[in-house]
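Protein chains in written order, with our numbering: chain D, 269 to 394; chain L, 269 to 394.
Glycine included, C-beta positions come from ideal geometry on N, C-alpha and C.
Source: prediction; values computed, not measured.
Here the structure comes first, spelled out in structure tokens, and everything after it is commentary.
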DNA sequence: ATATACCTTGAAGTTTACTCTAAGTCAATA
DNA sequence: TATTGACTTAGAGTAAACTTCAAGGTATAT
């Protein structure tokens, strides 16, 4: 079992964010100690790893919450989760390709600016 | 010269968003017709292309506004803009690599779920 | 000429994802 | 035992990027 502080260190999320995610049903049902403090299990840590994967590939918290709900429903939602993840994967790939295309344009601009700068400094030194 | 409607079609931005970007100094100084309607020049269109590149690679509107301000100041800001774009480029590449790593984990999960689903359906058919 | 559709402005409202505050509880240490 | 620091909650506040609204002006087709 991990304290909220330990989970912060492992996930990079703040305690505020962890409590927020709990409220938003991304990871509800975190158990409490006798004193009412959060205790995260290894299973919770795995769920958090998944949550971070989905979040860092651009899924909204709402969609993550729905995915985690399906996960809690067990094996009968395996197909649905599989399809959902596959669709997400394709959307992310498309997004990355789009980003690459825009980045290529930025790279062109950098090259163009570099050349223009060279000319500009040459003129100035004359 | 293009009307706001034409610019929407070409850029995929809404008229609301174009007016918002003007207010936020991403592209101020758009000229007006006699009746007060916006008229976008070819130069404005080029600026908008740059704005979209930066936005779609994840730059904040605030940072874009600063970049566009430098652009309006002319050639003496070439070096600064060059460096700024280069830094942005590297940040985007790092972000894309990070995304790729998270996506690889998602792919692993999809494979794992697919296998688990196969087993599950096999058991059910028995 | 008038109806309709589109444009203008400033300002208020929305969504997402936090982030902070206040008031109080719990745990560990001097 | 007292104090320090971390934890709890509900709820308010924030920042970014739109998005909508209200009130009015403009352009054009009938």
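Contacts around residue i, its chain only, beta-carbon distance under 7 Å, and the 5 residues preceding and following it disregarded
i, result
"residue 352 (chain L)", "335"
"residue 323 (chain L)", "332"
"residue 312 (chain L)", "295, 298"
"residue 269 (chain L)", "307, 308, 309"
"residue 346 (chain L)", "none"
"residue 300 (chain L)", "306, 307"
"residue 327 (chain D)", "356"
Cutoff 8 Å; reference residue i; Cβ partners in own chain excluding five residues on either side
i, result
"residue 271 (chain D)", "305, 306, 307, 308"
"residue 325 (chain D)", "356, 360"
"residue 274 (chain L)", "308"
Simplified DSSP assignment, three categories, for residue i
i, result
"residue 315 (chain L)", "helix"
"residue 328 (chain L)", "coil"
"residue 309 (chain D)", "coil"
"residue 301 (chain D)", "coil"
Under 9 Å from the C-beta of residue i: neighbouring residues of chain L
i, result
"residue 370 (chain D)", "320, 321, 322, 323, 324, 325, 360"
Residue i: contacting residues in chain D (beta-carbon distance under 9 Å)
i, result
"residue 366 (chain L)", "324"
"residue 374 (chain L)", "318, 321, 322, 325, 353, 356, 357, 360"
Spatial neighbours of residue i in its chain, beta-carbon cut-off 6 Å, leaving aside the 5 residues before and after
i, result
"residue 315 (chain L)", "295"
Beta-carbon neighbours of residue i, restricted to chain L and to distances below 8 Å
i, result
"residue 347 (chain D)", "385"
Integer Cβ distance of residue i from residue j, believed to fall under 8 Å
i, j, result
"residue 350 (chain D)", "residue 378 (chain L)", "6 Å"
"residue 374 (chain L)", "residue 357 (chain D)", "6 Å"
Chain D residues whose Cβ lies nearer than 8 Å to that of residue i
i, result
"residue 377 (chain L)", "318, 321, 353"
"residue 350 (chain L)", "378, 381, 382, 385"
"residue 331 (chain L)", "Correct list: empty, because the minimum Cβ distance to chain D is about 13 Å."
Listed by chain order, chain L residues near residue i by CB distance under 7 Å
i, result
"residue 310 (chain D)", "Correct list: empty, because the minimum Cβ distance to chain L is about 17 Å."
Neighbouring residues, chain D, relative to residue i (Cβ below 7 Å)
i, result
"residue 388 (chain L)", "343, 346"
- Query: Do three or more CB pairs link the segment 323-343 of chain D to the segment 283-303 of chain D at distances below 8 Å?
  - Reply: yes
- Is the segment 368-376 of chain L touching the segment 277-287 of chain L in the sense that three or more CB pairs, one from each, lie closer than 8 Å? no
- Taking three-plus beta-carbon pairs below 8 Å as touching, is the segment 355-362 of chain D in contact with the segment 382-391 of chain D? no
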